[in-house]
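Please read the structure below before turning to the comments.
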Amino acid sequence: MTAAAQEEAAATVHRLAALVAGGLPIDRAWSVLGTDASAVDAQAGGARGTVAAVLALARETGAPTAPTLERLAGLLREQAVQSRALEAALAGPRATARLVMALPLVGIGFGLALGLDVVGAATSGGVGTWSMLLGAALLVVAWAWSRAIVRRAARGEAAPGLALDLVAVALAGGGATDRARAAAEAALAEAGVAAGGWAEVDAALALARRAGVPVRGLLLAEAQAARIRARLEAEARAQRAAVQLSLPLGACVLPAFSLLVIVPLIASMLTGALTPLT
Numbered sequence: 011m012t013a014a015a016q017e018e019a020a021a022t023v024h025r026l027a028a029l030v031a032g033g034l035p036i037d038r039a040w041s042v043l044g045t046d047a048s049a050v051d052a053q054a055g056g057a058r059g060t061v062a063a064v065l066a067l068a069r070e071t072g073a074p075t076a077p078t079l080e081r082l083a084g085l086l087r088e089q090a091v092q093s094r095a096l097e098a099a100l101a102g103p104r105a106t107a108r109l110v111m112a113l114p115l116v117g118i119g120f121g122l123a124l125g126l127d128v129v130g131a132a133t134s135g136g137v138g139t140w141s142m143l144l145g146a147a148l149l150v151v152a153w154a155w156s157r158a159i160v161r162r163a164a165r166g167e168a169a170p171g172l173a174l175d176l177v178a179v180a181l182a183g184g185g186a187t188d189r190a191r192a193a194a195e196a197a198l199a200e201a202g203v204a205a206g207g208w209a210e211v212d213a214a215l216a217l218a219r220r221a222g223v224p225v226r227g228l229l230l231a232e233a234q235a236a237r238i239r240a241r242l243e244a245e246a247r248a249q250r251a252a253v254q255l256s257l258p259l260g261a262c263v264l265p266a267f268s269l270l271v272i273v274p275l276i277a278s279m280l281t282g283a284l285t286p287l288t
């Protein structure tokens with residue numbers, strides 16, 4: 011899911027909040043916008059079902075709908091910012107992976123441009139053919155390996171801090187902390203959202219209980235910290251990916267370059283040199 015789609019989803023939720031704040035019932039507001047919670051969730055990506063879960067939780071706990079939607083729009087915008095940052099961090103590793111995969115093909119093109127019979131050497135059934143087959147196999151391994159590295163770097167928690175935010179939403183309705191936690195967990199389960207962070211929720215609730223202070227502000231601060239940690243971890247994964255991409259380059263692409271380009275070129279040159287002697 012692209013950052014642009016997430017930003018559009020955030021804008022839709024912000025418009026919904028404005029309509030609700032203006033006095034429209036939530037169903038009428040969705041109708042005016044020409045969309046619904048499931049469509050916005052699909053557009054936002056991440057932990058799909060988040061919008062539906064937040065609205066269900068607000069109805070269940072009596073939390074004010076418009077401020078809750080404004081908060082949700084801010085969260086979706088933060089997700090979009092994180093997605094853009096991750097895309098920018100992974101742009102280098104992805105470009106490197108594409109470049110190293112293209113090197114053998116460029117080498118074959120140079121050989122053809124020099125007038126060498128690379129195709130003939132590759133299809134002769136001799137050393138050139140086996141060299142091309144082995145080089146192609148190494149390229150496939152390098153492609154799969156590089157994609158796995160980049161995919162692993164892009165993997166992360168879909169919506170960090172979501173559980174903390176939803177408990178804070180439930181508390182805005184004026185309920186007790188234990189009931190708020192249970193309501194948030196039930197809303198996420200009903201919407202099919204698998205959110206982590208419940209250990210952080212319990213730790214924040216226990217800390218507020220010991221200190222005798224309101225817990226909602228602590229939950230919101232912990233949610234923001236969770237998103238910052240997620241962004242930093244994503245950037246670190248992207249930097250590690252840039253280094254790890256040197257492994258398929260050295261282990262597969264460079265040998266594939268030799269097998270796909272150098273060996274057939276030498277075979278073609280030898281064939282051309284020996285032909286007048288036969």
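In our numbering, each residue's number is its place in the sequence shown (first place is 1) plus 10.
We put the beta carbon where it would ideally sit given N, CA and C, even for glycine.
Bear in mind that the values here come from a model prediction, so they are computed numbers and not experimental data.
Practice prompt. Could you name the residues of the same chain whose beta carbon sits closer than 7 Å to that of E167, not counting the 5 residues immediately before and after it, in chain order?
Written response: Position 157 of the sequence shown, counted from the first residue, corresponds to residue 167. So the list reads G206, A240, once near-sequence residues are dropped.
Worksheet item: By Cβ distance below 6 Å, which residues in the same chain neighbour L376 in space, the five residues on each side in sequence not counted?
Response: No answer is possible for residue 376: it lies beyond the span of the chain, which begins at 11 and ends at 288.
Discussion item. Under DSSP, the alpha helix (DSSP H) around D51 begins and ends at which residues?
Written reply: Here residue 51 refers to the residue found at position 41 when the sequence shown is read from its first residue. 47-54 is the span of the alpha helix (DSSP H), which, as asked, contains D51.
Worksheet item: Mind checking whether L100 and A163 have CB atoms under 8 Å apart?
Response: Taking the first residue of the sequence shown as 1, we reach residue 100 at position 90. Taking the first residue of the sequence shown as 1, we reach residue 163 at position 153. Yes, Cβ-Cβ distance for L100 and A163 is below 8 Å.
Worksheet entry | C-beta contact flag for A68 and A47 at 8 Å | By one-based count along the sequence shown, residue 68 stands at place 58. By one-based count along the sequence shown, residue 47 stands at place 37. Taking 8 Å as the Cβ cut-off, A68 and A47 do not qualify as a contacting pair.
Worksheet item: So, are the CB atoms of A13 and R104 less than 8 Å apart?
Response: Taking the first residue of the sequence shown as 1, we reach residue 13 at position 3. Taking the first residue of the sequence shown as 1, we reach residue 104 at position 94. Going by C-beta atoms, A13 is not nearer than 8 Å to R104.
Practice prompt. Less than 8 Å between the CB atoms is what I'm expecting for A182 and T78, so what's the real figure, rounded?
Written response: In the sequence shown, residue 182 corresponds to position 172, counting from 1. In the sequence shown, residue 78 corresponds to position 68, counting from 1. Confirmed, about 7 Å.
Discussion item. Suppose the cutoff is 6 Å on Cβ atoms and the five residues either side in sequence are ignored; what does the same chain contact list for A248 look like?
Written reply: If you number the sequence shown from 1, residue 248 lands on position 238. Result list for A248: A99, L100, A163, in chain order.
Worksheet entry | Proximal residues to A21 (C-beta, below 6 Å), its chain only, five neighbours per side dropped | Taking the sequence shown and counting its residues from 1, the one referred to as residue 21 is at position 11. Here the set comprises nothing.
Discussion item. At the level of alpha carbons, what is the spacing between Q16 and Q89?
Written reply: On the sequence shown, position 6 is the one that residue 16 refers to. On the sequence shown, position 79 is the one that residue 89 refers to. Their Cα atoms are separated by approximately 7 Å.
Discussion item. My assumption, with CB atoms under 8 Å, is that G59 sits in contact with D51. Please give the rounded CB distance.
Written reply: By 1-based counting over the sequence shown, the position of residue 59 is 49. By 1-based counting over the sequence shown, the position of residue 51 is 41. Indeed they touch by this definition, with Cβ atoms about 6 Å apart.
Item to complete: May I have the straight-line CA-CA distance separating G232 from E200, to the nearest angstrom?
Response: Against the sequence shown, residue 232 aligns to sequence position 222. Against the sequence shown, residue 200 aligns to sequence position 190. Sequence check: residue 232 is Glu here, not Gly. Taking the straight line from one Cα to the other gives about 24 Å.
Practice prompt. Entirely within the region 62-124 and at least 3 residues each: give me those beta strand (DSSP E) ranges in chain order.
Written response: Runs found: none.
Item to complete: Work out the CA separation of L242 and P265 for me, nearest whole Å.
Response: As a first step, residue 265 must be located in the sequence shown, where it is residue number 255. As a first step, residue 242 must be located in the sequence shown, where it is residue number 232. Each residue's alpha carbon lies about 35 Å from the other.
Worksheet item: In the structure shown, what three-state DSSP assignment does V179 receive?
Response: On the sequence shown, position 169 is the one that residue 179 refers to. The three-state reading of DSSP puts V179 in helix, counting H, G and I together.
Worksheet item: Just the Cα atoms here: how many angstroms apart are L287 and W153?
Response: Translated into the one-based positions of the sequence shown, residue 287 becomes position 277. Translated into the one-based positions of the sequence shown, residue 153 becomes position 143. At L287 the pLDDT is 43, less than 50, meaning the model places this residue with poor confidence and gives no usable figure here.
Discussion item. Applying the 10 Å Cβ sphere with the 16-neighbour rule, what's the burial state of A19?
Written reply: Counting from one through the sequence shown, the residue named residue 19 turns up at place 9. Buried is the call here.
Item to complete: State the CB to CB distance for the pair A178 and L230, rounded to an integer number of angstroms; the pair is presumed to be in contact (CB under 8 Å).
Response: Taking the sequence shown and counting its residues from 1, the one referred to as residue 178 is at position 168. Taking the sequence shown and counting its residues from 1, the one referred to as residue 230 is at position 220. Sure, about 5 Å apart at Cβ, within 8 Å.
Discussion item. Buried or exposed for S41, going by 16 or more other Cβ atoms inside 10 Å?
Written reply: For this step, residue 41 is matched to residue 31 along the sequence shown. Exposed: under 16 other Cβ atoms inside 10 Å.
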